[in-house]
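Working notes, beginning with the structure itself.
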Amino acid sequence: MSVLLDSSYQAVLVYVLGLFCGVAVHFGIFIHGEWHVQAPQIALGHFWLFSCFAALSRYYKGSVVGDLCHSLLILSAGYLPRLFTSIILYRSYFHRLSTAGFKGPWYARVTKLWHVWACRGCKNHLLLENLHEQYGDFVRTGPSEITVFHPGVFMAVDGPRSECIKSEWYDILHPDRALVTTRVKPIHAARRREWNRGFSAQGIYPIDLRNHEPISNEPYRTTALVQHESKILKYIEQLDVCIEADAKAHVASEVRNLFFWFGFDVMGDFVFSKSFDMLHQQQWHHIIVRLQRALSLLGPFSPAPWLIQVGFKLGPRISVLKDWFDMVAWCEQQMRVRLDEGTPKPAIPDLAYYLMELNDGQTELNDRLPWLYGDSLLAIVAGRQPTAAALIGIFCELAKHPEHAEKVYEELRDVDATNLKTLTSLPHLNAVINEGLRLYPALLTGGARKTTENGATIGGTFIPPDTTIIAPRHVISRREDCFERANEFIPERWSTRPEMIRNIAAFAPFGTGHHSCLGRFLATDTMRFVVARLVKKYHFRLAPGETGNRVFDDVRDQFTSNPGPLSLCFELR
């Protein structure tokens, strides 16, 4: 009897020790720093340890080893529940965001898994819009996350005085690296300067998207961009051939497909001097099909970066996960081919040439490979998706409001639609593009930032240190206190009716400061060329049965925006 009591007493002591271990591990380890990249190893390590304890305690039952493993199993039974209990209690009542009084769904204090489930349909932009209506401009949407709907958020997190860094989401390519995903500011600044060799200042002066006046005396048009104009115009010609064939056959054009084909063909050529040839073939390239499927992962899983890491490292490479890794492998293969062939300068230098040239002879190849692979992948993914999405939105609105298409046509009637300097001076053309970018931002909810040790103040509200900040452009750019009749397509707000812009800070389609999109001028140039070419040559309208509502109703928030279908009927002028 005494042996049984001693054994039970020992088990209780071990269990209590497990409880203390759970609290100690939480407050001594996991509460400090970032653990999302290590999440797969942590999950796998816990699983294998507990599995080994269980197996060994059974296999060596009655021996010293068996008794030890049995005790460790009991300790684990106390450790895990207490670890999770400690996390839940701390996040609910003692976390810095709890004591600061930020409002939001009660379950958002505890975990981001609710957000993953709520975004299973890739409609995060609508979810956050509803939370804004319910809780206001500052909403706690995660244990250490605040979603900010105040228009001052863009300057606060990315402006020249901001100390914020990119959030954990940007480790998505780990161990590969890319300019877009670089979180350390000095490294990002150095890498951005190197990228500028492919976007170096020379030629034409930058125009402020808001008032079409020169931003500064520093020119932005680059030798690289000027050279790539010929490539852009070549693919616009192919786009035009597809549309003209449909127009002559009196059939509707599915412009969503056409604009995506155009965008990816241009970017394939821009990055690797190798087109995906989708416009010519008039069908999706198998790699881009896989990319589009793979991006569906980012819809539900972006709210929980640690879950992305777990899925990529531990998930079976089937279905959309296989699609993702196939796309990564394709980009790596293209870069590897270029490396094996050396770095001969193409007739028109592409991005791969500039990237391979960086630090050439100064940095070991193995150290450069993660950058080369990551940069090429992100250039393909992030480079064309936003431009295509904006063009779909612009042509949807022009088809709904043909009077604006006619105003643009009147500006274009007697000018060269391939002369970029002329196009940048046309007020209504540029106003249409601005309004399209406002209503159809490339990043609906993406672009998370994280405060550092000094926190951040936005609109008079202090955001504590080590807090992730989400700034949903979809909601902010449609605020009525920032734009009069904010949900309506009114290009004149950017030209003849500036009073309709109540707070210009809400308009940041390409970001601000040092994290602004390097390809923003390439994107806006491309949009000018496409809109000018098609508006000057065609009348167009919504196809029979098409309302244009699918563009927005079926849009998927997958970090970048993925609009719904749009069918238009084109007629030669």
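As numbered in full-length UniProt numbering, residues 1 to 573 make up the sequence shown, in order.
Backbone N, C-alpha and C fix where the C-beta goes; we use that ideal spot for every residue, glycine too.
No experiment lies behind these values; they were computed from the predicted model shown.
Quiz item: Does the distance from the CB of Ala431 to the CB of Ala523 come in under 9 Å?
Solution: no
Quiz item: What separation, rounded to the nearest whole angstrom, lies between the Cα atoms of Val241 and Pro349?
Solution: 27 Å
Quiz item: For the segment 515 to 534 against the segment 101 to 115, are there 3 or more C-beta pairs whose distance is under 8 Å?
Solution: no
Quiz item: Which value, in whole angstroms, describes the spacing of the CA atoms of Leu291 and Ala382?
Solution: 11 Å
Practice problem: Please state if the CB of Trp261 and the CB of Gln233 are separated by a distance shorter than 9 Å. | Solution: Residue identity check: residue 233 is Leu in the sequence provided, not Gln. Taking 9 Å as the Cβ cut-off, Leu233 and Trp261 do not qualify as a contacting pair.
Exercise. Spell out a yes or no on whether the segment 43 to 53 and the segment 315 to 327 are touching, meaning 3 or more CB-CB pairs, one atom from each, closer than 8 Å.
Key: no
Practice problem: Check the C-beta distance from Val271 over to Leu351 and give it rounded, since I have them as a contact under 8 Å. | Solution: 5 Å
Practice problem: Answer with buried or exposed for Asp340, where buried requires no fewer than 16 other C-beta atoms within 10 angstroms of its C-beta. | Solution: exposed
Quiz item: Taking buried to mean at least 16 other C-beta atoms within 10 Å of its own C-beta, is Arg449 buried or exposed?
Solution: buried
Quiz item: Applying the criterion that 16 or more other CB atoms from any shown protein chain within 10 Å of the CB defines a buried residue, is Val64 buried or exposed?
Solution: exposed
Quiz item: When we look at the beta-carbon of Gln385 and count the other beta-carbons within 10 Å, is it buried (16 or more) or exposed?
Solution: buried
Quiz item: What's the call for Arg120, buried or exposed, on a 16-neighbour Cβ count within 10 Å?
Solution: exposed
Self-check item: Contact between the segment 542 to 553 and the segment 508 to 523 (3+ Cβ pairs under 8 Å)
Solution: no
Self-check item: Helix, strand or coil at Ser167 [DSSP, three-state]
Solution: coil
Exercise. Let me know if Ala405 comes out buried or exposed under the rule of 16 or more other beta-carbons within 10 Å of its beta-carbon.
Key: buried
Quiz item: Which one of His150, Pro143, Ala442 and Val16 has the shortest CA to CA distance from His89?
Solution: It is worth fixing the name first, because residue 89 is Leu in this sequence and not His. Checking every option, the nearest Cα to that of Leu89 belongs to Pro143.
Practice problem: Indicate whether at least one CB of chain C lies closer than 9 Å to the CB of Arg485. | Solution: You won't find chain C in this structure, because it holds only one protein chain.
Exercise. Would you list, in sequence order, the uninterrupted alpha helix (DSSP H) runs of no fewer than 4 residues that lie entirely inside the segment 249 to 333?
Key: 255 to 272, 278 to 281, 286 to 295, 298 to 301 and 305 to 314
Quiz item: Under a Cβ-count criterion, where at least 16 other Cβ atoms within 10 Å of its own Cβ denotes burial, should Ile476 be classed as buried or exposed?
Solution: buried
Exercise. Would you identify the three-state DSSP class for Tyr93, choosing helix, strand or coil?
Key: helix
Self-check item: Close-in-space but distant-in-sequence residues of the same chain around Trp494 (CB under 6 Å, 5 per side omitted)
Solution: Ala431 and Asn434
Quiz prompt | Beta-carbon separation (whole angstroms), Arg541 vs Pro402, contact threshold 8 Å | solution = 7 Å
Quiz item: In whole angstroms, what is the alpha-carbon distance linking Gln334 and Leu321?
Solution: 20 Å
Quiz item: What residue from Ile172, Leu314, Arg497 and Glu453 has the CA that sits closest to Pro370's CA?
Solution: Ile172
Quiz item: What is the residue span of the alpha helix (DSSP H) that Ser42 lies within?
Solution: Here the sequence assigns Ile to residue 42, which means Ser is not the residue at that position. Segment Ala39 to Tyr59, the alpha helix (DSSP H) holding Ile42.
Quiz item: Excluding five sequence neighbours on each side, which residues of the same chain lie with their C-beta closer than 6 Å to the C-beta of Leu426?
Solution: Glu411
Quiz item: Among Val184, Trp35, Val139 and Thr457, which one has its Cα closest to the Cα of Arg307?
Solution: The sequence given here has Leu at residue 307, not Arg. The shortest C-alpha separation from Leu307 is found at Trp35.
Self-check item: Buried versus exposed call for Pro544 [16 or more other C-beta atoms within 10 Å across all chains shown]
Solution: exposed
Quiz prompt | Sheet register partners of Cys569 (DSSP bridge) | solution = Arg541
Practice problem: Have a look at Gly136, Leu568, Glu571 and Ser516 and flag the residue whose alpha-carbon is nearest the alpha-carbon of Leu179. | Solution: Ser516
Quiz item: Got a sec, what are the start and stop residues for the alpha helix (DSSP H) Phe154 sits in?
Solution: Val153 to Asp158
Practice problem: Rounded to whole angstroms, what's the CA-CA distance from Leu13 to Ser98? Just pull it up for me. | Solution: 34 Å
Quiz item: Are the beta-carbon atoms belonging to Thr512 and Gly159 less than 9 Å from one another?
Solution: yes
Quiz item: Going by alpha carbons, who is nearest to Asn503 out of Leu572, Thr467, Glu484 and Thr496?
Solution: Glu484
Practice problem: Can you tell me which of the three DSSP states Pro563 falls into? | Solution: coil
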